[in-house]
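Asker: Read the sequence shown against this note's numbering and you will find it ends at 388, with the numbers running on by one and no gaps.
Cβ coordinates follow ideal geometry from the N, Cα and C atoms, glycine included.
The structure displayed is predicted, hence computed values, not measured ones.
Sharing a structure below in structure tokens format, with a few things to ask.
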Amino acid sequence: MKSKLYTLLLITTVLRVIGDAIESIALPWHLLNQTSSLLSVAGYSFASMFPWVIFPPLMGRFLDKTEKKVRLAFLALFIQSFLALVIIKFASNIWAFYVLISLISALDILHRYFGFTLIASMTLEESELQKLNAKVQTVGEVTSLVVFPIVGYLAYLFGVRLMLLDAVSLLIGALVLIPYINIPVKQEKTTEEESESVQLEVSRRVIFAGIALVLLFNFAIAPARIFVFSALKDLTIGEIVYGLLNSVGTLGSLTGAIGITLFAHKRKIGISKPLIIGMLLESLAVLLLGLPSLGLLFAGILLLNFGRQLLNISFDSLFQRIIPLEKLGTYRGIFDALATLIIPLSQLTFAWLIEHDAGVSMLAAGVFGLGILSAVGFFILIQKVVNP
């Protein structure tokens, strides 16, 4: 039954990625066209990320205590479909727009944690975890590769009205879940027993140093979006170029997911190596995005998404291996909330600095250094955790 649910997760991932592509292009560009301010784009980031600061611990804890995870995923997609229609109605009301963005983002958390806990219930072996997580990401990235250029062009033509297509995609995703809506996702006692001892040993070492390093790294990487919009805001076809950038980024993400899938199976690369490599590549990418060259924007986006994919897959696998299943949603929720908190604050800070004539290249060099520093710190920490 878990294999059927995993297949179902792959299907809903495809449909959700279509919606994500529409939201990530149509919504911020609508705000930028309406206000001509980078601060409005930073506000979009704040509105979309704020629920990830407040709700993950609550939703994660709730998911840990219920077996009706499929039903929650269905409700999340159905309500999101309705909100996607409502946001068109309030497109001219900036504050209502931000509120609706936050609500849509909050419901994304349920779908994300549904898949995260499902995979954790299937295995604890490192290479298998890497393969399962990478397969989900590969399916999503292949979808993005096709969808983003199309969405960029459609957003240029239709603007925020493109959210109608988002609503349809979300509704289809909800309907696909109906045949499985009453299937429970149960906790596995063997998984709990095997993972409990690891979790207790790791938690004391990670709680302070790990959180500090996550905040430092997220602060360093978060301005990437602002650097891109700063470079494109004066282009008349900025939406189209932005869609192409997302397509190039998807190639990077897809390469990272496929690479982990192959190497995890053939060479048993584990978790820590791709995690640290991902952090280093993301740091270099942010430096490139701050340099005054359109060509370097494409190179930077490619590296950024390649490194991010390595980091995200490995980080998911690390959590799934060391945290007991009955506490996985709660622990990951707390971690996600703290890690996400710094991102909109960083983007607001750098948007304000750029609009007050701070040099983008100078800022990029500074955050590059912070990224490298946090990567070195993570390397030391992971070595102590994985090889105590």
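(1) Roughly how far, in whole angstroms, is the beta-carbon of serine 230 from the beta-carbon of isoleucine 354, given that I think they are within contact range, below 8 Å?
(2) Considering only the alpha carbon of each residue, which of Tyr113, Glu23, Ala174 and Asn133 lies closest to serine 102?
(3) Could you please give the first and the last residue of the uninterrupted alpha helix (DSSP H) stretch that includes lysine 135?
(4) Suppose you measure from the CA of glycine 371 to the CA of phenylalanine 55; what does that come to, to the nearest Å?
(5) Among Leu75, Leu251, Arg61 and Ser48, which residue has its Cα nearest to the Cα of glycine 140?
(6) For isoleucine 269, which residues from the same chain have a beta carbon less than 6 Å from its beta carbon, with the 5 sequence-adjacent residues on both sides left out?
(7) If contact is defined by three or more beta carbon pairs under 8 Å, each pair taking one atom from either stretch, is the segment 163-183 in contact with the segment 78-89?
(8) Just checking, does the segment 109-126 make contact with the segment 317-334 on the three C-beta pairs under 8 Å criterion?
(9) Mapping DSSP to helix, strand and coil, what is histidine 111?
(10) Rounded to whole angstroms, what is the Cα-Cα separation between asparagine 33 and lysine 65?
(11) For the structure I just gave you, are there three or more beta carbon pairs, one from the segment 114-129 and one from the segment 240-255, closer than 8 Å?
(12) Can you say whether isoleucine 104 is buried or exposed, counting buried as having 16 or more other CB atoms within 10 angstroms of its CB?
(13) My output table needs one value for proline 324: the three-state DSSP class, helix, strand or coil.
(14) Extract the residue ranges of the alpha helix (DSSP H) inside the segment 256-316, only unbroken runs of 4 or more that lie entirely within it.
(15) Going by DSSP, what residue range makes up the alpha helix (DSSP H) through serine 230?
(16) With burial defined as no fewer than 16 other Cβ atoms inside 10 Å of the residue's Cβ, what is the status of proline 57: buried or exposed?
(17) With a cut-off of 8 Å, do at least 3 Cβ pairs link the segment 361-371 to the segment 67-78?
(18) Is the beta carbon of serine 45 closer than 8 Å to that of leucine 392?
(19) Taking Cβ positions, are valine 151 and alanine 224 nearer each other than 8 Å?
(20) Quick one: any contact between the segment 208-228 and the segment 270-289, if contact means 3 or more CB pairs under 8 Å?
(21) When burial is assigned at 16 or more other CB atoms within 10 Å of the CB, is threonine 12 buried or exposed?
(22) How big is the Cα-Cα spacing for valine 17 and leucine 145?
(23) Of all the options Leu291, Val14, Val360 and Leu311, which has the alpha carbon lying nearest to the alpha carbon of threonine 143?
(24) To which residues of the same chain is leucine 77 closer than 6 Å at the C-beta, ignoring the five residues directly before and after it?
(25) How many whole angstroms separate the CB atoms of glycine 278 and serine 314, which I take to be in contact at a CB cut-off of 8 Å?
(26) Using only the alpha-carbon positions, how far apart do leucine 325 and phenylalanine 319 sit?
(27) Quick check on alanine 91: does DSSP put it in helix, strand or coil?
(28) If you count every other CB in all the chains shown that lies within 10 Å of the CB of serine 247, and 16 or more means buried, which is it?
(29) Going by alpha carbons, who is nearest to proline 274 out of Leu291, Thr255 and Pro292?
(30) To the nearest angstrom, how far is the alpha carbon of leucine 177 from that of serine 3?
(31) Please list the terminal residues of the continuous alpha helix (DSSP H) segment that includes phenylalanine 55.
(32) Take alanine 339 and list the residues in its own chain whose beta-carbon comes closer than 6 Å to its own, dropping the five residues that flank it on each side.
(33) Count the other C-beta atoms from every protein chain shown that fall within 10 angstroms of the C-beta of methionine 59, then say buried if there are 16 or more, exposed otherwise.
(34) Since lysine 91 and valine 160 are thought to touch, with beta carbons under 8 Å apart, how far apart are those beta carbons, to the nearest angstrom?
(35) Are the CB atoms of isoleucine 276 and glutamine 130 nearer to each other than 8 Å?
(36) Less than 8 Å between the beta carbons of alanine 257 and serine 346, yes or no?
Answerer: Answer, in terms of the structure:
(1) Working through the sequence shown from its first residue, we reach residue 230 at position 230. Working through the sequence shown from its first residue, we reach residue 354 at position 354. About 5 Å separates the two Cβ atoms, so the contact holds.
(2) As a working note, residue 102 is residue 102 in the sequence shown. When each option's Cα is compared against that of serine 102, the closest is Glu23.
(3) Residue numbering aside, residue 135 sits at position 135 when the sequence shown is read from its first letter. For lysine 135, the uninterrupted alpha helix (DSSP H) segment begins and ends at 126-158.
(4) As a working note, residue 371 is residue 371 in the sequence shown. As a working note, residue 55 is residue 55 in the sequence shown. When only Cα atoms are considered, glycine 371 and phenylalanine 55 end up about 27 Å apart.
(5) On the sequence shown, position 140 is the one that residue 140 refers to. Ranked by Cα distance from glycine 140, the first of Leu75, Leu251, Arg61 and Ser48 is Leu251.
(6) Taking the sequence shown and counting its residues from 1, the one referred to as residue 269 is at position 269. Taken in chain order, the residues that qualify are Phe263.
(7) By the criterion of at least three beta-carbon pairs nearer than 8 Å, the segment 78-89 is in contact with the segment 163-183.
(8) Segments in contact, yes.
(9) As a first step, residue 111 is located in the sequence shown; it is residue number 111 there, counting from the start. Histidine 111 sits in a helix when the DSSP states are folded into three classes.
(10) Along the sequence shown, one-based indexing puts residue 33 at 33. Along the sequence shown, one-based indexing puts residue 65 at 65. Put simply, the backbone Cα of asparagine 33 is about 44 Å away from that of lysine 65.
(11) Contact between the segment 114-129 and the segment 240-255 is not established, with fewer than three Cβ pairs separated by less than 8 Å.
(12) Translated into positions along the sequence shown, residue 104 becomes position 104. With 16 or more other Cβ atoms within 10 Å, it is buried.
(13) By one-based count along the sequence shown, residue 324 stands at place 324. The answer is coil: DSSP assigns proline 324 none of H, G, I, E or B.
(14) With a minimum length of 4 residues, the continuous alpha helix (DSSP H) runs that stay inside the segment 256-316 are 272-289.
(15) Position 230 of the sequence shown holds residue 230. Segment 224-232, the alpha helix (DSSP H) holding serine 230.
(16) One-based indexing of the sequence shown puts residue 57 at position 57. Burial call: buried.
(17) Using a C-beta cut-off of 8 Å, the segment 361-371 makes no contact with the segment 67-78, since fewer than three inter-stretch Cβ pairs fall below that distance.
(18) Nothing about residue 392 can be reported from this structure: the residues present for the chain run from 1 to 388 only.
(19) Here residue 151 refers to the residue found at position 151 when the sequence shown is read from its first residue. Here residue 224 refers to the residue found at position 224 when the sequence shown is read from its first residue. Result no, Cβ atoms of valine 151 and alanine 224 do not sit closer than 8 Å.
(20) Three or more beta-carbon pairs separated by less than 8 Å link the segment 208-228 to the segment 270-289, which places the two stretches in contact.
(21) Position 12 of the sequence shown, counting from 1, holds the residue named residue 12. Buried, since its Cβ has 16 or more Cβ neighbours within 10 Å.
(22) Position 17 of the sequence shown, counted from the start, is the residue given in the question as residue 17. Position 145 of the sequence shown, counted from the start, is the residue given in the question as residue 145. Each residue's alpha carbon lies about 10 Å from the other.
(23) Residue 143 sits at position 143 when you count from the first residue of the sequence shown. That would be Val14, whose Cα lies nearest to the Cα of threonine 143.
(24) Residue 77 sits at position 77 when you count from the first residue of the sequence shown. Cβ within range, chain order: Leu170, Gly173 and Ala174.
(25) One-based indexing of the sequence shown puts residue 278 at position 278. One-based indexing of the sequence shown puts residue 314 at position 314. Right, the Cβ-Cβ distance comes to about 7 Å (below 8 Å), so this counts as a contact.
(26) Position 325 of the sequence shown, counted from the first residue, corresponds to residue 325. Position 319 of the sequence shown, counted from the first residue, corresponds to residue 319. If I take the Cα positions, the gap works out to 10 Å.
(27) Counting from one through the sequence shown, the residue named residue 91 turns up at place 91. Coil at alanine 91, not helix or strand.
(28) The residue you call residue 247 lines up with position 247 of the sequence shown. Burial is judged here by how many other beta carbons sit within 10 angstroms of a residue's own beta carbon; serine 247 has at least 16 and is buried.
(29) Position 274 of the sequence shown, counting from 1, holds the residue named residue 274. Proline 274 has its Cα closest to that of Thr255, out of Leu291, Thr255 and Pro292.
(30) Translated into the one-based positions of the sequence shown, residue 177 becomes position 177. Translated into the one-based positions of the sequence shown, residue 3 becomes position 3. Looking at the two C-alpha atoms, the distance is approximately 15 Å.
(31) In the sequence shown, the residue the question calls residue 55 occupies position 55. For phenylalanine 55, no alpha helix (DSSP H) encloses it, and the DSSP letter there is neither H nor E.
(32) Counting from 1 along the sequence shown, the entry for residue 339 is found at position 339. Taken in chain order, the residues that qualify are Val214 and Asn218.
(33) Residue 59 sits at position 59 when you count from the first residue of the sequence shown. By the 10 Å Cβ count, methionine 59 comes out buried.
(34) The count along the sequence shown starts at 1 and reaches residue 91 at position 91. The count along the sequence shown starts at 1 and reaches residue 160 at position 160. Per the sequence shown, residue 91 should be read as alanine rather than lysine. With a Cβ gap of about 5 Å, alanine 91 and valine 160 count as contacting.
(35) By 1-based counting over the sequence shown, the position of residue 276 is 276. By 1-based counting over the sequence shown, the position of residue 130 is 130. No, Cβ-Cβ distance for isoleucine 276 and glutamine 130 is not below 8 Å.
(36) Your numbering for residue 257 matches position 257 in the sequence shown. Your numbering for residue 346 matches position 346 in the sequence shown. Taking a C-beta distance under 8 Å as the contact criterion, alanine 257 and serine 346 do not qualify as a contact pair.
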